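What follows is a short report on a single structure.
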Amino acid sequence: MSTSMRWTLVAFVVLVGVVVALFSTLGGSDGEPSSQAGDGSQVLSPQAAPPVGGPPADEPVTVVDDQTRATMDLPACRDAGAAATTDGPVAGLMVRCMDDGSTTTLGKIQAGKPMVVNMWAYWCEPCRRELPAIRDAAATLGDDVRFVVSHTDPSETKGFDTLGALGIDQMISVSDQEEELPGILGAPPVLPLTVLVRADGTVAQVLIQPMYSEQDVLDAVEEHLGVTA
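Here the sequence shown stands for residues 71 to 299, where the numbers follow our numbering.
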């Protein structure tokens, strides 16, 4: 992501985050306990999450180690027996699956179903507030819609730690470490960002406003994908 894009994100997230922080205590703090992983890196406790704020200009690319992945039973990214969606702007986008560290395409994950892709980052306070609403809507709709949460930041480890802290462990979770998806869509440089994709791979809608309740998400899915709970 370019410096200008990151600073646009900073301006948006910091403004919203300051307001939200007055009413919400979601997220961890710098004083949360941590422990050492086998490779010497810091692993946050299940109660902690990296702090919110703005996207670091020099965020290093990090990948979750196998031992840490085993602490969460995330669902598999794809069904090997299902045919991939091959059409549409996002079908060929490569992402890293947080469940096992493998790479795949969003087309293989979609596999011919309507799909909701929510782009978020660990440092984004509105994203953290939105994730539980998306989780609840995904549980309500079940197999009728494929829900994917895409951590749009180079640090997979911080995204993984945040999902664990928030209890977001029943949705397909991927890392867009190159932060490519917003640019492919021509979307504005803000997070959270939600893409609703029809079963044929065409994009029905790109939503730039947060959805803070399950009903907000269900309404968007019904309006743009025609799927009702």
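In this text, a Cβ means the ideal position worked out from N, Cα and C, and glycines have one as well. Keep in mind that this is a model prediction, so the values were computed, not measured.
Taking residue i as the reference, give the member of the options with the closest Cα.
i: valine 273; options: Ala146, Pro159 and Thr132; result: Pro159
i: alanine 299; options: Ala127, Gly271 and Asp214; result: Asp214
i: proline 145; options: Ile238, Pro184 and Glu250; result: Ile238
i: glutamine 240; options: Ile254, Leu263 and Thr210; result: Thr210
i: isoleucine 242; options: Gly256, Ser172 and Arg199; result: Ser172
i: proline 196; options: Tyr282, Glu292 and Ala290; result: Tyr282
i: leucine 263; options: Gly123, Ser220 and Leu176; result: Ser220
i: alanine 181; options: Leu163, Gly151 and Arg198; result: Gly151
i: leucine 255; options: Ala161, Arg148 and Pro125; result: Ala161
i: aspartate 270; options: Val133, Gly177 and Glu292; result: Gly177
i: valine 133; options: Pro126, Leu266 and Met168; result: Met168
i: arginine 199; options: Gly124, Ile179 and Leu236; result: Leu236
i: aspartate 157; options: Glu292, Asp143 and Arg268; result: Arg268
From the DSSP secondary-structure annotation, give me the bridge partner or partners of residue i.
i: histidine 221; result: Trp190 and Ser245
i: cysteine 197; result: In the DSSP output, where bridge partners are listed per residue, cysteine 197 has none listed.
i: threonine 174; result: Val165
i: arginine 205; result: Looking at the DSSP assignment, arginine 205 forms no beta bridge with any residue, so it has no partner.
Kindly give me the distance between the Cβ atoms of residue i and residue j, rounded to whole angstroms, as I take these residues to be in contact under 8 angstroms.
i: arginine 166; j: valine 244; result: 6 angstroms
i: isoleucine 204; j: valine 287; result: 6 angstroms
i: alanine 207; j: glutamate 129; result: Not quite, the Cβ-Cβ distance comes to about 29 angstroms (not below 8 angstroms), so this is no contact.
i: threonine 227; j: glutamate 249; result: Contact flag wrong, Cβ pair sits at about 16 angstroms.
i: histidine 294; j: glutamine 275; result: 4 angstroms
i: leucine 201; j: tryptophan 193; result: With 8 angstroms as the limit, leucine 201 and tryptophan 193 do not qualify as a contact, their Cβ atoms being about 14 angstroms apart.
i: valine 131; j: proline 224; result: 4 angstroms
i: threonine 175; j: leucine 163; result: 6 angstroms
- [ ] Could you tell me which uninterrupted alpha helix (DSSP H) segments, each at least 4 residues in length, are contained entirely in the region 112–164, listed from first to last along the chain?
- [x] Correct list: 136–139.
Is the region 205–223 close to the region 185–195, with three or more CB pairs under 8 angstroms? yes
**Asked** Taking contact to mean at least 3 C-beta pairs separated by less than 8 angstroms, is the region 221–238 in contact with the region 119–126?
**Response** yes
As an exercise, report each continuous beta strand (DSSP E) stretch of at least 3 residues that is fully enclosed by the region 242–298, in chain order.
242–245, 263–267 and 273–277
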